[in-house]
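S.K.:
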Amino acid sequence: MKISQVAIQLYTLRDFCKTAPEFAAAMKKVREIGYTAVQISGVGPIPETELVAMCKAEGLTICATHEPGVKILDETESVIARLAALGTKLTAYPFPAGIDFDNPEHVNTLIKKLDIAGAKFRAAGMKLGYHNHAHEFYRPAGGKTFLERIYDETSPENIVAELDVFWVQRGGGDVVEWVKRVKGRTPFIHLKDFKVNPSGEANFCEVGSGTLDFKRIIAEAEAGGCEWFIVEQDTCPGDPFVSIKQSFDYIKANLVS
3 MKISQVAIQL YTLRDFCKTA PEFAAAMKKV REIGYTAVQI SGVGPIPETE
53 LVAMCKAEGL TICATHEPGV KILDETESVI ARLAALGTKL TAYPFPAGID
103 FDNPEHVNTL IKKLDIAGAK FRAAGMKLGY HNHAHEFYRP AGGKTFLERI
153 YDETSPENIV AELDVFWVQR GGGDVVEWVK RVKGRTPFIH LKDFKVNPSG
203 EANFCEVGSG TLDFKRIIAE AEAGGCEWFI VEQDTCPGDP FVSIKQSFDY
253 IKANLVS
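In our numbering, the protein residues as written are 3 to 259.
See the structure below:
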């Protein structure tokens with residue numbers, strides 16, 4: 003992994019990206035820390051042309067986005083147009099809102115619609131990924147987990163993986179084994195660390211300050227052709243810019259080639 007492949011997921015900085023002036027100031031800080039790429043997510047209603055201009059002004063590449071799941075599935079062409087305007091070819095379905103994992107019709111319909119939408123992205127020269135949380139590791143009695151079904155029942159050409167390593171761990175999965183499992187269909191991955199507090203609750207933390215074995219995770223992701231290693235921290239203990247700098251500095255000192 004090269005340092006130029008390390009990006010920041012802007013959902014981490016969502017409270018500082020609500021308006022165009024705030025976004026511009028945040029991008030300046032991001033670049034000063036050392037990041038050269040961002041994933042657009044959680045930002046305010048700012049026109050694509052402005053987002054592109056503000057990122058370009060700081061020398062930042064827009065490597066990917068997250069888009070609303072309903073739009074991805076039901077207004078696919080509009081999302082494709084947005085990605086084209088942003089100059090990126092990667093997005094991910096972020097969250098299976100409203101899905102009852104005990105309802106076969108819900109599950110089957112979502113998987114089919116993901117595959118159909120993914121085919122449209124592929125035809126446009128883009129890629130649609132699936133971003134997991136912990137609940138995709140729910141296993142109905144005698145069945146596969148939902149995440150297993152997604153990757154088993156969609157075409158690798160249509161649906162790629164945007165594994166979130168924290169949520170894999172939180173869901174009870176083996177992170178390294180899951181990175182191996184989706185080898186060849188992982189153009190991007192979310193890096194966030196995992197630790198347990200004295201009460202036994204799982205907490206987000208800066209990369210390198212938790213329990214995940216990032217050297218093995220990144221080695222396997224690289225072997226699988228991963229292009230973007232995207233730092234994300236859903237919640238931070240204080241200033242998120244301090245947290246994303248801590249993660250970046252750790253990665254630069256310990257994980258890049």
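Where is the CB? At the ideal position from N, CA and C, for every residue including glycine. For clarity, every value in this text was computed on a predicted model and none was experimentally measured.
Looking at the unbroken alpha helix (DSSP H) that takes in Asn-110, where does it start and where does it end?
M.R.: As a first step, residue 110 is located in the sequence shown; it is residue number 108 there, counting from the start. Taken as a continuous stretch (DSSP letters only), the alpha helix (DSSP H) holding Asn-110 covers 106 to 125.
S.K.: Pull up the distance between the alpha-carbon of Ile-191 and that of Ala-39, whole angstroms please.
M.R.: Position 189 of the sequence shown, counting from 1, holds the residue named residue 191. Position 37 of the sequence shown, counting from 1, holds the residue named residue 39. Between Ile-191 and Ala-39, the C-alpha separation is close to 14 Å.
S.K.: Determine the extent of the beta strand (DSSP E) in which Lys-197 is found, giving its start and end residues.
M.R.: Within the sequence shown, the letter at position 195 stands for residue 197. Note, Lys-197: beta strand (DSSP E), 195 to 198.
S.K.: Are Val-167 and Phe-139 close, meaning C-beta to C-beta below 9 Å?
M.R.: On the sequence shown, residue 167 is found 165 positions in, with the first residue counted as 1. On the sequence shown, residue 139 is found 137 positions in, with the first residue counted as 1. For Val-167 and Phe-139, no; Cβs fall outside 9 Å.
S.K.: Give every residue of the same chain whose Cβ lies closer than 6 Å to the Cβ of Arg-16, excluding the five residues on either side of it in the sequence, and list them in chain order.
M.R.: On the sequence shown, residue 16 is found 14 positions in, with the first residue counted as 1. Cβ neighbours of Arg-16 beyond the five flanking positions: Gly-44.
S.K.: So, at 7 Å on beta carbons, what are the nonlocal neighbours of Ile-253 in its own chain, with the 5 sequence-adjacent residues on each side left out?
M.R.: Counting from one through the sequence shown, the residue named residue 253 turns up at place 251. For Ile-253, where only same-chain residues beyond five positions count, the Cβ hits under 7 Å are Val-8, Val-209.
S.K.: If we count the other Cβ atoms within 10 Å of its Cβ and call it buried at 16 or more, is Ile-118 buried or exposed?
M.R.: Start at 1 with the first residue of the sequence shown, and residue 118 comes out as number 116. Exposed, by the Cβ-count rule.
S.K.: For the beta strand (DSSP E) that Lys-129 lies in, which residues bound it at each end?
M.R.: To locate residue 129, count along the sequence shown from 1; it is residue 127. From DSSP, the beta strand (DSSP E) with Lys-129 extends over 129 to 133.
S.K.: What's the gap between the Cα of Val-233 and the Cα of Asn-199?
M.R.: By one-based count along the sequence shown, residue 233 stands at place 231. By one-based count along the sequence shown, residue 199 stands at place 197. Straight-line Cα distance between these residues: approximately 21 Å.
S.K.: Run through DSSP, which three-state label would Val-209 get?
M.R.: Walking along the sequence shown from the start, residue 209 turns up at place 207. Three-state DSSP puts Val-209 in coil, outside helix and strand.
S.K.: Could you work out which residue in Ala-126, Ala-125, Asn-110 is closest to Glu-150 when comparing CA atoms only?
M.R.: Taking the sequence shown and counting its residues from 1, the one referred to as residue 150 is at position 148. Ranking the options by Cα distance to Glu-150, first place goes to Asn-110.
S.K.: Please return the same chain residues whose Cβ sits closer than 6 Å to the Cβ of Leu-238, not counting the five positions on each side in sequence.
M.R.: Here residue 238 refers to the residue found at position 236 of the sequence shown. Correcting the residue identity first, residue 238 is Cys in this sequence and not Leu. The answer, listed in chain order, is Ser-245.
S.K.: Within its chain, find whatever has a CB closer than 6 Å to the CB of Ile-35; leave out the 5 residues flanking it on each side and keep chain order.
M.R.: Counted from its first residue, the sequence shown places residue 35 at position 33. If we look at Ile-35 and ignore the five residues flanking it on each side, its Cβ neighbours are Lys-247, Phe-250.
S.K.: Tell me, please, whether the stretch 120 to 133 touches the stretch 151 to 163 by the rule of three or more beta-carbon pairs shorter than 8 Å.
M.R.: With the cut-off at 8 Å, the stretch 120 to 133 and the stretch 151 to 163 touch.
S.K.: In the structure shown, what three-state DSSP assignment does Thr-190 receive?
M.R.: To locate residue 190, count along the sequence shown from 1; it is residue 188. In the sequence under discussion, the amino acid at residue 190 is Phe, which differs from the Thr named in the question. In this structure, Phe-190 counts as strand in the three-state DSSP scheme.
S.K.: Just to confirm my understanding: we take Ile-64, look at its own chain, exclude 5 residues before and 5 after, and list those with CB closer than 8 Å. What are they?
M.R.: For the purposes of this step, residue 64 is identified with residue 62 of the sequence shown, where counting begins at 1. Excluding positions up to five away in sequence, the list reads Ala-39, Val-40, Gln-41, Ile-42, Leu-53, Val-54, Cys-57, Leu-88, Gly-89, Thr-90.
S.K.: Could you compute how far the alpha carbon of Trp-169 sits from the alpha carbon of Pro-23?
M.R.: Locating residue 169 in the sequence shown gives position 167, counting from the first residue. Locating residue 23 in the sequence shown gives position 21, counting from the first residue. Distance between the alpha carbons of Trp-169 and Pro-23: 32 Å.
S.K.: Let me know if Val-72 comes out buried or exposed under the rule of 16 or more other beta-carbons within 10 Å of its beta-carbon.
M.R.: Walking along the sequence shown from the start, residue 72 turns up at place 70. The residue in question, Val-72, is exposed, as its Cβ has fewer than 16 Cβ neighbours within 10 Å.
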